[in-house]
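For reference, the structure discussed in these notes is given below.
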Amino acid sequence: MTKGTPDMTSPRPPAVEVRNLSKHYGDFVALRDVNVTIGAGEYFVLLGPSGGGKTTLLRTIGGFHRPTSGEVLLNGQSVGHLPPDKRPTTMVFQAYALFPHMTVTQNVGYGLKVAGLRKDKIAEKVDYALEQVGLSQFTHRKPHELSGGQQQRVQLARAIVLDRDILLLDEPLAALDAQLRKDMCLELKHLQEQVGITFIHVTHNQEEAMTVADRIALIANGNLVECGNARDIYRAPDKTFTASFVGENNMLSGKIATANGTSAIVDVAGARLSVDTRGLHVQDGQPVNLSIRSECVAIDHADAAADAHSIKGAYTESVYLGLTTSHLVRLPDGTEMISRVISDTDDGLPEAGAPLRVTWKPSDIRLHVE
Amino acid sequence: MASPTTDVTDGGTLPVGTPPVTPWRDRLTPWVFRAPLVFMVMFFAIPMALTVVFSVFERTMFWMEPGFTLFSYENFFFSARLINFLDSMKYSLIAVAICFVLGFPIAVFIRKSVPQVAQHRVILLFILPFMVSEIIRVFALRPVLQRNGLVNSTLMDLGLIDEPITALLYSHTGVVIGEVLSFLPFIVFAGFLAMEAVPKYIFEVCDDLGVGPWRRFKDVILPLAAPGIFAGSVFIFVNGLGVALLPNILGGAGAVNAGLIATQAITALDFPLAMAVSAIMMATLMTLLWIGHKLFDLTKILSPLS
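Quick note, the sequences are listed as chains Z and U, same order.
Using my numbering, you'd call the opening residue of the first sequence number 1 and step up by one each time.
Using my numbering, you'd call the opening residue of the second sequence number 371 and step up by one each time.
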């Protein structure tokens, strides 16, 4: 088994190449001019809010929907209007989509039976697939005798047994409870590393996305907003939407006061904040957004020195979340900022309404222009 | 309307020793469920049992008298009646098959392609024929099927036939057409309910695995929908045997069914024979249901997805 990392130097074509893809349902635009390239052997996650178009994209790649315009290339070949079974893709569905009247073995082997494989060959492949998903003891059970997690594993086995090299997962863990979902995430990741094929996984759960993904694409309102490595998406979001959707970011809106090349001064709620422009082109007076992750924000005394990396506010309340505590601060313009700290003492909390200063490191604040 | 004797709540203490008086309303409630049971026992179960008892009674001029004779059964099994009965079974089966071929695809189509909110409305359309009395519906077939009826004159005008097909009416064909007309909605209903046992996602899984239409039907839909389909088919089959109206209006020499045989026996004042025919029909139905239950577990019909 080869390790499933994308190898950029190999002449292998990308597993999926989506070009200018649009999908309309009457007046409703489900996907708008989407372009994305997914490398062979990559674990790729489509992340976004419900109804944003990520499932539509996945299903269009799988051949369940026809695009209104644009095209999909799989392994370098345009798949045009090929039906799902003629594509190198296979799907793991959200619901426990198994044949209720067949045993685990029959469920997994049915695709091969339809493909006309010999019985002994089918049995061999099914055994191997079930072993890979850890279900070897459950071969004779019917789906209703399995737990939700086991049912999803049967789906996985049914998919990988087909030897197609792109696996599409449509919210595969959505129906599982939180703990099981965490365990299954890791299992999915390990399974992908084991079999080395491309996984494309749709989810609205960012923790799930972070756990499994090599790369993440954010999809909202039919647009592919941003695409990048999982860590970069979290630490260094480019777009306002990404910052507001991934992690827990404080979003500040303001206007550019002065822009001088690599950095800019932004007017926010009566304060002048300095921010790196990241090479973005900004003009004086342009409305912009700033984001700072809540865990990068600290609370200081009200009389601390004012600088370009802090802002005045009034304490609202603290929310105890177990591992962390969130401190809520209201800025003069009404914006609420959150400072999240790991701390288990309740001592020394400011009183509600107490004035204070919120501070951060210069490198933690990011500028978004769109 | 509470009677004063039930007013014991004011003090909060019940008098010791005297049992609390149950309001008449509470005592009446169980009868909401018992009354239909009593009705069904009195007017269904007992008469059905009596059917078997009466079938072995001696025939008299105008009624029957207690006794034990298998004469009626002999009369049924060793006469043309048995042939007619077996024939009507055969043609009932044909009607079931035609109903299934015409009706089940409709049920699949409604489940699969009609939006969820509209499904029940579409199904409702199949109830419309029942708004017209069955006699009228069946009788209206005569001018369509008869010698110079709609079918024959159309075919002759088109030059497809030279002389009218007389086998359409007063024959087994006529009865089968009438049965399909009368019972088609039932296979649509039964099929619609049966398709509830076939989850919708199955079709997408089949797309993904490349399962063709025939395999999809044979391997997936049929096994899952079998209990419902069987129940619908038994219903049609038994009605094909029992509804005397159809062969009475559309049938002819030899084209009778068990229902008509019984009716004719009653007309001839041979009550034990009529009872024997009924008992035989009941036995047939029960055997069918027993076989069906052994094969498909018919209790599944009402709990399709559990």
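Note that the Cβ used here is the ideal one computed from N, Cα and C, for glycine as well.
{"query": "C-beta atoms of F44(Z) and R278(Z) nearer than 9 Å", "result": "no"}
{"query": "Assigned secondary structure, L280(Z) (DSSP; H/G/I helix, E/B strand, else coil)", "result": "coil"}
{"query": "Under 9 Å from the C-beta of P100(Z): neighbouring residues of chain B", "result": "Judged by its chain identifiers, the structure shown contains no chain B, and its protein chains are Z and U."}
{"query": "Range of the contiguous alpha helix (DSSP H) that encloses K121(Z)", "result": "K119 to Q132"}
{"query": "Alpha helix (DSSP H) segment containing P417(U), residue limits", "result": "I416 to S425"}
{"query": "Start-to-end residues for the alpha helix (DSSP H) that takes in D527(U)", "result": "L520 to D527"}
{"query": "Closer than 9 Å to chain U by CB, D85(Z)", "result": "yes"}
{"query": "Beta-carbon gap between P143(Z) and Q151(Z) smaller than 9 Å", "result": "yes"}
{"query": "Short CB-CB distance (under 9 Å) between T103(Z) and chain U", "result": "no"}
{"query": "Rounded C-alpha distance that separates I547(U) from N445(U)", "result": "30 Å"}
{"query": "Closest Cα partner of R512(U) within the set V626(U), T543(U) and I619(U)", "result": "I619(U)"}
{"query": "Cross-chain neighbours of G580(U) in chain Z, by beta carbon under 9 Å", "result": "P83, P84, D85, K86, G111, V114 and A115"}
{"query": "Contact with chain U by L74(Z), beta-carbon distance below 9 Å", "result": "no"}
{"query": "Start-to-end residues for the beta strand (DSSP E) that takes in D267(Z)", "result": "S263 to V268"}
{"query": "Residue from F199(Z), G70(Z) and K239(Z) with nearest C-alpha to I160(Z)", "result": "F199(Z)"}
{"query": "Sheet register partners of V16(Z) (DSSP bridge)", "result": "I38(Z) and L74(Z)"}
{"query": "Test item: CB-CB of A308(Z) and S363(Z) under 9 Å", "result": "no"}
{"query": "Three-pair Cβ contact test at 8 Å for the region 518-525 of chain U versus the region 450-457 of chain U", "result": "no"}
{"query": "9 Å Cβ cutoff, L176(Z) in contact with chain U", "result": "no"}
{"query": "K361(Z), DSSP secondary structure in three states", "result": "coil"}
{"query": "A97(Z) at chain U interface by Cβ criterion, 9 Å", "result": "yes"}
{"query": "CA-to-CA distance, S541(U) to T637(U), given in whole angstroms", "result": "22 Å"}
{"query": "Classification of M410(U) by the beta-carbon crowding that lies within 10 angstroms, buried from 16 upward", "result": "exposed"}
{"query": "Limits of the unbroken alpha helix (DSSP H) element including H47(Z)", "result": "In the sequence as presented, His is not what sits at residue 47(Z); that position holds Leu. It is not in any alpha helix (DSSP H) - L47(Z) instead sits in the beta strand (DSSP E) that spans Y43 to L47."}
{"query": "Straight-line Cα distance separating R272(Z) from T324(Z)", "result": "30 Å"}
{"query": "Proximity to V647(U) [Cα-Cα], best of L452(U), R429(U) and F414(U)", "result": "L452(U)"}
{"query": "Coarse secondary structure for Y461(U), derived from DSSP in three states", "result": "helix"}
{"query": "Reference L252(Z); option with closest CA among V358(Z), E193(Z) and Y315(Z)", "result": "V358(Z)"}
{"query": "Through-space distance from T657(U) to F414(U), alpha-carbon basis", "result": "19 Å"}
{"query": "Contact the region 567-587 of chain U vs the region 490-504 of chain U: 3+ CB pairs below 8 Å", "result": "no"}
{"query": "Simplified DSSP state of G149(Z), which is helix, strand or coil", "result": "helix"}
{"query": "Any C-beta of chain U under 9 Å from that of F64(Z)", "result": "yes"}
{"query": "Cross-chain neighbours of T90(Z) in chain U, by beta carbon under 7 Å", "result": "D578"}
{"query": "Cβ-based burial, N229(Z) [other Cβ within 10 Å; buried from 16]", "result": "exposed"}
{"query": "Chain Z within 9 Å of R481(U), Cβ atoms only", "result": "no"}
{"query": "Chain Z contact for V608(U) (CB, 9 Å cutoff)", "result": "no"}
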